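Below is one structure; the comments refer to it alone.
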Amino acid sequence: QQQVKQSPQSLIVQKGGIPIINCAYENTAFDYFPWYQQFPGKGPALLIAIRPDVSEKKEGRFTISFNKSAKQFSLHIMDSQPGDSATYFCAARVPGANNLFFGTGTRLTVIP
Amino acid sequence: DAGVTQSPTHLIKTRGQQVTLRCSPKSGHDTVSWYQQALGQGPQFIFQYYEEEERQRGNFPDRFSGHQFPNYSSELNVNALLLGDSALYLCASSWDMGNTEAFFGQGTRLTVV
């Protein structure tokens with residue numbers, strides 16, 4: 027059973043566009059929701075994370091929007107660049123544990 | 006700070022063999038988790054080690070086992086390899102008391118033939 031569902035599977039945008047990646051979860055015990063960026067042949071790198079007591083968090087060009095009642099959260103990438111082309115994973119964590127439940131990933135391509 | 010380091014980076018094994026993968030956590034981190042990432046999928050949690058003991062385990066068979074050493078480094082062992090064990094194996098470290106974010110290594114690409 028997939029604890030975190032992610033969509034779309036792939037996404038192509040023009041440079042400067044704003045790709046949006048969506049995730050949904052069922053377990054209301056989750057208390058931490060990170061987003062990871064992964065380039066081919068590399069391990070995932072933490073981009074930005076949010077806790078359910080806030081509805082939005084911005085770090086540079088990356089924004090997480092969080093809807094606790096809908097059990098959904100999304101990643102927005104402002105002014106996307108070709109260097110942002112990578113696979114993005116959302117994840118969630120249960121309190122008191124450090125293991126993460128990952129979504130299936132979104133392959134983003136930013137066209138110059 | 007070298008971050009999380011894993012070895013080897015690539016490995017080819019024959020079905021039925023055994024393999025050992027190694028991980029050194031980020032400086033200051035005491036908790037090590039292992040994940041399996043199949044091609045085109047998100048990482049799946051295998052197990053987590055803290056204070057040299059397995060603290061949590063995901064839905065993986067007993068063929069997958071591990072160890073944590075006093076210096077917090079860790080090994081992942083897989084016995085009786087199957088073709089389906091081919092994947093990128095990721096190690097993540099964190100600091101337990103701070104319930105902090107997990108930092109991942111670059112992974113070990115295991116191919117079972």
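In order, the protein sequences belong to chains A and B.
Mapping to the numbering used here: the first sequence position 8 is 34, numbers consecutive.
Mapping to the numbering used here: the second sequence position 111 is 116, numbers consecutive.
Virtual Cβ for every residue (Gly too), placed ideally from N, Cα, C.
These figures come from a predicted structure and were not determined experimentally.
Three or more pairs of CB atoms, one per stretch, sit closer than 8 angstroms, so the segment 30 to 40 of chain B contacts the segment 82 to 97 of chain B. The Cβ neighbour count for residue 31(B), taken over all protein chains shown within 10 Å, is at least 16; the residue is labelled buried. Straight across, the Cα-Cα distance linking residue 70(A) with residue 111(B) is about 8 angstroms.
Where residue 82(B) is concerned, the enclosing beta strand (DSSP E) starts and stops at 79 to 83.
For residue 99(A), the closest of 118(A), 112(A) and 86(A) by C-alpha to C-alpha distance is 118(A).
Proximity of residue 50(A) to chain B, defined by a Cβ-Cβ separation below 8 angstroms, is not satisfied. Within its own chain, the residues whose Cβ lies closer than 6 angstroms to the Cβ of residue 85(A), once the five positions on either side in sequence are excluded, are 74, listed in chain order.
Secondary structure note for residue 7(B): it is in no beta strand (DSSP E), with a DSSP letter that is neither H nor E. Nearest Cα to residue 82(B) within the set 9(B), 7(B), 41(B) and 10(B): 41(B). When the five nearest sequence neighbours on each side are left out, the beta carbons in the same chain lying within less than 7 angstroms of the beta carbon of residue 43(A) are those of 106, in order along the chain. The way I'd put it, the segment 46 to 66 of chain A doesn't touch the segment 12 to 28 of chain B; fewer than three beta-carbon pairs between them come closer than 8 angstroms. Secondary-structure assignment with DSSP links residue 112(A) through a beta bridge to 134(A). Of 115(A), 127(A) and 126(A), the smallest CA-CA separation from residue 46(A) is found for 115(A). As the crow flies, the alpha-carbon of residue 114(B) is around 13 angstroms from that of residue 48(B).
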